[in-house]
Structure formats: C-alpha cells, structure tokens
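Have a look at the structure below, then the notes.
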Amino acid sequence: MIGPSSSAEDIIAHLRTMRSEENITGMARFGIATENALGIGNPVIQKIAKAVGRNQPRASALWQSGIREARLLAIWTFDPAQLSRDDIRRLAADFNSWEIVDAAADLLTETPFWRELVEEFAKDEREFVRRTAFAMIAGATVHNKKEPDETFIAWLALIERYAVDPRNFVKKAVNWALRNIGKRSRKCHDHTLPLAERLAESGDPSARWIGKDAQRELRDPKRIAKLKG
Numbered sequence: 005m006i007g008p009s010s011s012a013e014d015i016i017a018h019l020r021t022m023r024s025e026e027n028i029t030g031m032a033r034f035g036i037a038t039e040n041a042l043g044i045g046n047p048v049i050q051k052i053a054k055a056v057g058r059n060q061p062r063a064s065a066l067w068q069s070g071i072r073e074a075r076l077l078a079i080w081t082f083d084p085a086q087l088s089r090d091d092i093r094r095l096a097a098d099f100n101s102w103e104i105v106d107a108a109a110d111l112l113t114e115t116p117f118w119r120e121l122v123e124e125f126a127k128d129e130r131e132f133v134r135r136t137a138f139a140m141i142a143g144a145t146v147h148n149k150k151e152p153d154e155t156f157i158a159w160l161a162l163i164e165r166y167a168v169d170p171r172n173f174v175k176k177a178v179n180w181a182l183r184n185i186g187k188r189s190r191k192c193h194d195h196t197l198p199l200a201e202r203l204a205e206s207g208d209p210s211a212r213w214i215g216k217d218a219q220r221e222l223r224d225p226k227r228i229a230k231l232k233g
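Spelled out as structure tokens, the structure:
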C-alpha cells in the first residue's frame with residue numbers, strides 16, 4: 005500500500021506495475037513526450053499524490069528519476085514554500101513536454117516570487133522554459149484570485165513582444181495567456197481585445213495567428229456578458 009511513509013523507490017516500483025503500452029501510444033498522439041512514460045493517466049497520478057502527501061526530498065527523488073509519471077507526482081507533492089529560485093531553475097532545465105510545463109506552471113505560481121519567474125522565463129530562449137512563463141500567466145489569471153488586474157494588464161507588453169516566436173509550444177502558450185487575461189474581467193478585456201486586434205493585423209504569421217484566434221473568443225458576446233466588473 006502506497007502512503008505517506010512510502011519512499012520514492014516504493015512509489016516508482018508501484019507506478020511500473022501500471023505501465024500501459026496502449027496509453028503510451030495514445031499520449032504520443034497528443035504531443036506528450038513518451039520516451040520515459042509509463043502510460044498512466046493523470047487522475048490516477050493525482051490520487052497517488054493525495055495518498056502520499058507533500059514531501060520535498062521524496063519529490064526531488066521522483067523528479068530525478070526522469071519518468072513522466074514520477075515527475076508529475078513530484079510536481080503535485082512539492083511544497084512551493086520550500087522551493088528556491090535555484091531549485092526551480094534546475095527543474096526548468098529538465099522541461100521537455102508541454103504537459104509537464106503546464107502542470108509545473110500552477111505549482112510555480114504558488115511561490116512568493118512567481119512574478120519574477122515570469123519575467124525571467126519569458127526572456128529564456130529555451131522553448132519549454134519560455135512556454136512556462138506564459139503558462140504561468142494563463143494559470144494565474146484563474147487561480148491567483150487576489151492578484152490585481154493591473155499585474156496581468158502590464159504583461160500584455162510581454163505577450164506582444166513574444167507573439168512573434170514561431171515555435172509551436174510558445175505560440176500556443178502566448179495565445180492562451182492573452183485569451184485568459186481577456187476573460188478575467190471587463191477591465192482586462194478592455195485592454196486585451198485591442199492587442200488581439202492589433203496582432204491579428206500583424207505581418208508576422210505567428211503574431212497574426214495568436215491575434216485572430218484570441219479575438220474570435222474575446223469578441224464572443226456570451227463570454228463578454230459573463231465578465232466581472
């Protein structure tokens with residue numbers, strides 16, 4: 005039985021018993037990195053995370069295994085209050101999949117210095133590290149409810165700057181961040197829609213795609229009606 009006293013080795017051995025080649029093939033179709041995957045669905049991993057609880061040394065050991073499922077379990081059992089900037093930079097150096105990035109982004113926005121990480125990671129040339137910055141913005145618009153709208157409005161300049169990055173996993177995250185800011189409140193929407201419209205007219209193909217896709221959603225009357233403020 006896996007529980008709070010289980011070691012990283014115990015947990016990994018348990019995960020290996022659930023390996024599914026069929027699921028691994030299915031994950032690959034969604035662009036998930038499967039070189040070190042066991043094919044275990046996220047709801048199962050989240051259930052294990054709840055059973056074992058947070059434990060920093062064990063989470064670090066799980067991460068170091070390189071196994072997809074163990075890394076997700078590490079993300080969901082790290083204590084964000086105990087992560088230093090250097091700890092996070094070391095994690096980011098291993099990012100190799102949009103799925104891992106997006107799970108980690110929610111963890112990182114729980115740290116007290118997450119805003120500085122957004123700025124730092126956006127400037128980073130590595131595709132999955134830069135994606136992390138915009139995944140953090142997208143997630144924080146929903147989860148960090150006490151954050152003032154002004155924080156996100158200020159990041160529209162960052163979105164405009166990196167909208168020209170043509171790499172698929174960056175481009176999609178920039179688009180995600182733009183759309184989520186625009187859906188956060190009426191105030192955010194009022195600042196975001198003009199940027200989406202401007203990007204939609206851009207001569208750069210990546211920026212144009214981001215803008216056109218975002219403006220379709222941000223112009224939706226039903227979505228506008230749901231905005232707060």
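Just so we're on the same page, my numbering is the position in the sequence shown counted from 1, plus 4.
For each residue, glycine too, the CB sits at the ideal point set by N, CA and C.
Nearest C-alpha to R130 among W102, E221 and F34: W102.
Distances from the CA of S9 to each of T21, A37, P61 and I28 were compared; the closest alpha carbon is that of P61. A check of alpha carbon separations from A85 across P116, A229 and L231 identifies P116 as the nearest. Here the alpha carbon of S210 sits roughly 49 Å from the alpha carbon of M5. For the 8 Å CB-CB criterion, T81 and R58 form a contact. Annotation for F34: no alpha helix (DSSP H) segment contains it, and DSSP assigns it neither H nor E. Taking C-beta separations shorter than 7 Å and ignoring five residues to either side along the sequence, the partners of R20 in its chain run L42, following chain order. Minimum Cα-Cα distance from A78 among the listed residues A97, M22 and I15 corresponds to I15. A direct Cα-Cα distance of roughly 11 Å separates V105 from G143. Excluding the 5 residues flanking it on each side, A12 has same chain C-beta neighbours closer than 6 Å at R62, A65 and L66, in chain order.
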